[in-house]
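A short write-up of the structure that comes next.
Number of protein chains: 2
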Amino acid sequence: MTEPGPIAGARRLLREQRFGTLATLTPDGAPFASLVGCATDSRGAPILLLSDLAVHTRNVKVDGRVSLLLDGSCDSASRLMGERLSVSGRLAPCSADEVRRRYLARHPDAAMLLDMADFRFYRLSVEHAHQVAGFGKIDQFAPDDLLVPTALADELDALAPSAIDHMHADHADAVCLMAGGDSDAVIVGIDADGMNLIQGHHPVRIMFAARLSSIEGLRESITEVVRQIRRNSG
Amino acid sequence: MTEPGPIAGARRLLREQRFGTLATLTPDGAPFASLVGCATDSRGAPILLLSDLAVHTRNVKVDGRVSLLLDGSCDSASRLMGERLSVSGRLAPCSADEVRRRYLARHPDAAMLLDMADFRFYRLSVEHAHQVAGFGKIDQFAPDDLLVPTALADELDALAPSAIDHMHADHADAVCLMAGGDSDAVIVGIDADGMNLIQGHHPVRIMFAARLSSIEGLRESITEVVRQIRRNSG
Numbered sequence: 009m010t011e012p013g014p015i016a017g018a019r020r021l022l023r024e025q026r027f028g029t030l031a032t033l034t035p036d037g038a039p040f041a042s043l044v045g046c047a048t049d050s051r052g053a054p055i056l057l058l059s060d061l062a063v064h065t066r067n068v069k070v071d072g073r074v075s076l077l078l079d080g081s082c083d084s085a086s087r088l089m090g091e092r093l094s095v096s097g098r099l100a101p102c103s104a105d106e107v108r109r110r111y112l113a114r115h116p117d118a119a120m121l122l123d124m125a126d127f128r129f130y131r132l133s134v135e136h137a138h139q140v141a142g143f144g145k146i147d148q149f150a151p152d153d154l155l156v157p158t159a160l161a162d163e164l165d166a167l168a169p170s171a172i173d174h175m176h177a178d179h180a181d182a183v184c185l186m187a188g189g190d191s192d193a194v195i196v197g198i199d200a201d202g203m204n205l206i207q208g209h210h211p212v213r214i215m216f217a218a219r220l221s222s223i224e225g226l227r228e229s230i231t232e233v234v235r236q237i238r239r240n241s242g
Numbered sequence: 009m010t011e012p013g014p015i016a017g018a019r020r021l022l023r024e025q026r027f028g029t030l031a032t033l034t035p036d037g038a039p040f041a042s043l044v045g046c047a048t049d050s051r052g053a054p055i056l057l058l059s060d061l062a063v064h065t066r067n068v069k070v071d072g073r074v075s076l077l078l079d080g081s082c083d084s085a086s087r088l089m090g091e092r093l094s095v096s097g098r099l100a101p102c103s104a105d106e107v108r109r110r111y112l113a114r115h116p117d118a119a120m121l122l123d124m125a126d127f128r129f130y131r132l133s134v135e136h137a138h139q140v141a142g143f144g145k146i147d148q149f150a151p152d153d154l155l156v157p158t159a160l161a162d163e164l165d166a167l168a169p170s171a172i173d174h175m176h177a178d179h180a181d182a183v184c185l186m187a188g189g190d191s192d193a194v195i196v197g198i199d200a201d202g203m204n205l206i207q208g209h210h211p212v213r214i215m216f217a218a219r220l221s222s223i224e225g226l227r228e229s230i231t232e233v234v235r236q237i238r239r240n241s242g
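Chains Z and S are the protein sequences, given in the same order.
If you use our numbering, the first sequence corresponds to residues 9 to 242, in order.
If you use our numbering, the second sequence corresponds to residues 9 to 242, in order.
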């Protein structure tokens with residue numbers, strides 16, 4: 009029951025990759041490539057935590073246009089055959105609590121950076137995405153293909169705390185199973201594409217078989233994840 | 009006897025990384041990030057094999073300014089603590105036999121691409137390099153820091169074929185040792201920073217303890233590599 013097609017691969021890269029290469033513009037308009045940590049907001053837009061002292065941040069303050077490469081082929085023997093996604097748009101500072109919470113869910117170690125005066129969150133306002141999923145397998149996506157509709161993302165954000173409490177209180181065995189058998193693991197976020205867990209100090213991403221089209225699908229999507237894990241390990 | 013300091017790390021990234029993220033400029037001057045295969049010419053300048061059909065190639069044909077991120081932290085648990093190098097400059101087509109030979113030494117599988125009409129070699133004329141080697145460990149390098157002087161590179165290119173023949177004829181045991189015990193491995197290139205070997209279909213990079221300052225140092229550098237491997241395995 010895995011969602012077929014290239015858009016599912018693109019959404020997976022967005023949600024699963026914790027690092028990417030950011031292309032920014034130097035003050036004289038030349039490109040500059042650098043490594044950044046990343047996460048996603050509830051809609052799926054990339055969020056970054058950048059230091060004011062870094063070259064890419066100084067670049068972004070002059071011209072916000074960026075492109076972020078998310079590459080899932082890092083450990084592949086044949087990297088150019090692997091899936092990767094170039095997400096292009098504009099980067100702008102953002103300070104919502106949700107962004108902070110979702111970034112820390114994917115980068116627990118970044119908590120110490122938040123106490124430093126020079127680190128700030130930025131959100132990539134996606135304008136276009138370009139995916140290469142192997143030799144000649146090329147797709148273009150518009151923001152509406154890639155991102156969760158705002159209304160659904162907001163509904164899920166409102167529902168998530170009680171859904172997470174319910175999972176911990178009444179389905180601790182399922183949470184443990186999703187974290188590979190670790191009974192100390194906790195769910196720290198739910199979005200339309202899946203769940204963020206923290207296992208010890210390590211982030212774990214669980215993807216739903218397909219993106220939710222409404223909050224009514226949440227229970228069934230979580231149940232299906234657990235069923236699938238039981239099937240694979242049984 | 010490892011060469012100390014950040015410049016050694018930068019030269020190592022240049023020579024060892026077989027893939028990088030290329031930042032190019034779209035026709036409207038926005039940045040675009042994409043994955044590319046890479047190798048180095050004998051001086052150490054990055055060489056790429058790009059398809060005319062790819063977005064990055066179309067970008068480069070309009071504006072040759074690029075930045076290439078070489079990231080050695082791909083398999084590190086804490087990627088932002090790892091070493092990476094942003095090499096910026098201009099990309100231009102090149103067709104020297106040496107470039108073809110050196111690219112194939114690092115990407116044996118790319119031989120099939122050379123028969124396709126749309127693949128061409130490009131060389132990055134390095135103008136500037138920016139290295140981050142962990143939290144706050146930042147260095148800038150000029151081309152002369154990073155690259156081998158042209159005269160020395162040319163001398164080594166002229167010497168390499170006979171040096172390689174000599175290694176295969178009289179030091180087959182050492183070549184085997186450098187390839188982890190594979191007696192079918194061959195040396196396919198020598199430069200001032202080390203050697204390129206092919207083991208089966210897999211590229212192997214052997215770095216010298218330090219960059220050669222003259223061709224007279226070649227024998228001692230190779231001997232030291234072999235001595236070091238014997239020491240580590242003995």
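Just so you know, even glycine gets a beta-carbon here, dropped at the ideal spot from N, CA and C.
All values reported here derive from a predicted model rather than from experimental measurement.
With a 10 Å radius around the Cβ and a threshold of 16 neighbouring Cβ atoms, F216(S) comes out buried. Within the model, the alpha-carbon separation for I172(Z) versus L56(Z) is close to 25 angstroms.
The beta carbon of H174(S) sits no closer than 9 angstroms to any beta carbon of chain Z.
Residue V134(Z) holds the alpha-carbon nearest to the alpha-carbon of D49(Z) among A119(Z), A141(Z), V134(Z), D36(Z). Secondary structure note for D152(Z): its alpha helix (DSSP H) is the uninterrupted segment 151-154.
Residues are counted here when their Cβ sits less than 7 angstroms from a Cβ of chain Z; for the region 47-79 of chain S these are V63, R73, V74, S75, L76, L77, D79, given in chain order. DSSP places D199(Z) in the strand class (E or B) of the three-state scheme. Here A177(Z) carries a helix assignment [DSSP, helix/strand/coil]. Close CB contacts of L43(Z) within its chain, under the 7 angstroms cut and outside five residues either way in sequence, are with F27, T29 (chain order). Contact holds between the region 150-163 of chain S and the region 219-234 of chain S, because three or more Cβ pairs, one in each stretch, are under 8 angstroms apart.
When only Cα atoms are considered, L88(Z) and Y130(S) end up about 17 angstroms apart. Membership of H136(Z) in any alpha helix (DSSP H) is not indicated; the residue belongs instead to the beta strand (DSSP E) covering 127-140. Counting of Cβ neighbours within 10 angstroms places A180(S) among the exposed residues, the total staying below 16. Listed by position along chain Z, the residues whose Cβ is nearer than 7 angstroms to that of H138(S) are V63. Its Cα nearest to that of V194(S), the residue L185(S) stands out among L185(S), D201(S), A200(S).
Residue pairing by DSSP places T29(Z) opposite L43(Z), L77(Z) in a beta bridge. If you look at G13(S), you'll find it isn't in any beta strand (DSSP E); DSSP assigns it neither H nor E. Closest option to S75(S), judged by alpha-carbon separation, among L61(S), A100(S), G90(S), D60(S): A100(S). Interface flag for G142(S) against chain Z is unset, since no Cβ pair is found closer than 9 angstroms. Excluding residues up to 5 positions away in sequence, H138, Q139, V140 lie with their Cβ nearer than 8 angstroms to the Cβ of I146(Z) in the same chain. Among the residues facing chain Z, S221(S) is not included, as its CB has no counterpart in that chain under 9 angstroms away. Following the DSSP letters along the chain, one finds R213(Z) inside the beta strand (DSSP E) bounded by residues 210-215. When rounded, the separation of the alpha-carbon atoms in H209(S) and R114(S) is 10 angstroms.
If the five residues before and after A168(Z) are omitted, its C-beta is found closer than 6 angstroms to the C-beta atoms of I198, all from its own chain and listed in chain order. Against chain Z, the beta carbon of G45(S) has neighbours under 7 angstroms at L88, listed in chain order. Close CB contacts of L22(S) within its chain, under the 6 angstroms cut and outside five residues either way in sequence, are with T48, G52 (chain order). Around the CB of L58(S), 16 or more other CB atoms lie within 10 Å, so the residue is classed as buried. For S103(S), there is no enclosing alpha helix (DSSP H), since its DSSP letter is neither H nor E.
Contact check for L33(S) against R98(S) fails: the beta carbons are separated by 9 angstroms or more.
In the displayed model, P35(S) falls within coil according to three-state DSSP, outside both helix and strand. Residues of the same chain with a CB within less than 6 angstroms of the CB of Q207(S), apart from the 5 flanking positions on each side, are A187, D190, A193 in chain order.
From the beta-carbon of L33(Z), the residues of chain S found nearer than 7 angstroms are P39. Sorting T65(S), V70(S), S94(S), D71(S) by C-alpha distance to the C-alpha of D79(S) places S94(S) at the top. Among the residues of chain Z, those whose CB is under 8 angstroms from the CB of F27(S) are R87, L88, following chain order. For the region 113-135 of chain Z, the set of positions with a beta-carbon nearer than 8 angstroms to some beta-carbon of chain S reads D117 in chain order. A41(Z) is a Cβ neighbour of A31(S), given a cutoff of 9 angstroms.
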